[in-house]
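Colleague: The sequence shown maps to residues 228 to 544 in the working numbering.
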Amino acid sequence: MSDETPISHVMPGKLALRSVDDRMGELAEGQHGVVSRRQLLRLGVGRGAIEGRIASGRLRRVQWGVYAVGHRPRSRESRWMAAVLAAGPGAVLSHRSASALWRILPPKPILPEVTRATRCQARSGLVSHSGMLKPDEVRCVDGIPVTSPPRTVFDVAASSALGELERALNEMEAHGITDELSIPDLLERYPRKRGAAKLRVLLDDEAAVRGVPRKVLEERFASLLDSTDLPRPRRNADVAAGGGLFEADCLWAEQRLVVELDGRATHGTRRAFERDRERDRLLQADGWRVVRITWRQLRDDAPAVLADLRRLLRVRP
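1. Skipping 5 residues on each side, what residues in its chain have a beta carbon closer than 8 Å to that of P300?
2. Return the residue from the list D456, L484 and P458 that minimises the CA-CA distance to D465.
3. Could you check whether A388 and R421 sit closer than 9 Å to each other, using their CB atoms as the reference points?
4. Do R378 and S321 have their C-beta atoms within less than 9 Å of each other?
5. Could you give the uninterrupted runs of the alpha helix (DSSP H) lying entirely in the stretch 484-542, keeping only those of 4 residues or more?
6. Per DSSP, D172 is paired with what?
7. Assign W307 to one of three DSSP states: helix, strand, or coil.
8. Would V247 and G271 be called neighbours here (beta carbons separated by less than 9 Å)?
9. Evaluate contact between the stretch 329-339 and the stretch 347-364, counting only Cβ atoms and requiring at least three cross-stretch pairs below 8 Å.
10. On the DSSP bridge assignment, give the partners of H356 in chain order.
11. Among W522, M251, R366 and I331, which residue has its Cα nearest to the Cα of A318?
12. Helix, strand or coil: which one does DSSP assign to R264?
13. Are the CB atoms of A425 and L392 nearer to each other than 9 Å?
14. From this set, Y417, E505, R303 and E481, which residue's C-alpha is nearest L540's C-alpha?
15. Helix, strand or coil for A318, going by three-state DSSP, please let me know.
16. Identify the residues that DSSP records as bridge partners of P372: which are they?
17. Is P460 buried or exposed, if buried means 16 or more other CB atoms sit within 10 Å of its CB?
18. What are the residues that DSSP puts in a beta bridge with W479?
Here it is, written out as C-alpha cells:
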C-alpha cells in the first residue's frame, strides 16, 4: 500500500476485520471461551485468517478443529464445550461428563464423553458414543448441549455398580432434578439397553421402600431394640433446640442422642428434605447428636445398625 492510498479505502477493511473479531469474541463468550473452525468459517474468517490468528496467539487449539479465544483460563465447562464442538453437529455431552454437569455423580478426571447420532471419527481428548437421541432426551445447560437427567442416568447405568447407580438416583431427588421424560419412560422406550435391568431392580426396590408406612418402620426399630440390652428411648418426644421445639422419633436424653427413622413416604419430598436438614443443624448446634436410620438399613443391615447404636450409647456388648 502506498502512502497516497486514500484513508477511505483503508478504514472499511479494518472495520470489517474488527467486526469479525468482535463477533468471534461474542460467540466464544457464550460457549465458555471456545469456538469451532466450522463456526469461524461461517463468520467469514477464512482459512488463512484462522492460521494467522493461531500464529499470533489469538486462537489456541484445544481440540481437533476447536480453539480457545484469547487467554481466558480453561474451565471444566470449556473442556466439555470443546469436546461437543469437536464431535461435530448434533453432538451432546453425555454419560459421566453429563452426570457431573447435572451434579448427579461427582466429577472424575476422565476424558469428556459425548454422543452423536452417527459414529464419529476417533479424536484424541474425548470419548465418543454413537446412538440416536430423541429431542426429549436432550437439554441445554449453561450453553452446553447435554443429555437430559433421566437419559444421563440411563446411559451411566451400563457401566455403574448398583450402589453408584442408587447414589445417582438419590442425588437427582435430593437436588430436585425433574424432567418431563422419566426413567420408566426410557425403560419402556429402550427395554433391552445395557443397564436397564439394574435400573428396574432399583426402581422396584424404591417403590417398595417408599410404600413402607411410618408405623411399620417404628415397629421394626422397636423390635430390633427389644432383642438387645440397649436402653430404651423415649419415642416421639419433644426436644428444644435453636429456640424451637421439635419432635424426635427416638430420644436418649442422657446420651444427647436423637434417632430419626427416615421413611420415604414422609421424608422423601424436597420440602421435607430441607426441613429435616435444618432441624438436624439446630439440634447439633445445641449439642445433640442426630442419626438417621432408613427402612432399607433396618431390613438389610440391622447388625451394623445395632453395633453403631452401642458405640453411640457407650454400652458394651
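Positions of the beta carbon are idealized from the N, C-alpha and C atoms, including for glycine.
Modeller: The structure says:
1. none
2. L484
3. no
4. yes
5. 491-494, 497-512, 522-527 and 529-540
6. Examination of residue 172 is not possible in this model, given that the chain is present from 228 through 544 alone.
7. helix
8. yes
9. yes
10. T342
11. R366
12. helix
13. Per the sequence presented here, residue 425 reads as Lys, with Ala not at that position. Yes, the pair counts as a contact, with Cβ atoms nearer than the cut-off.
14. E481
15. coil
16. C367
17. buried
18. L484
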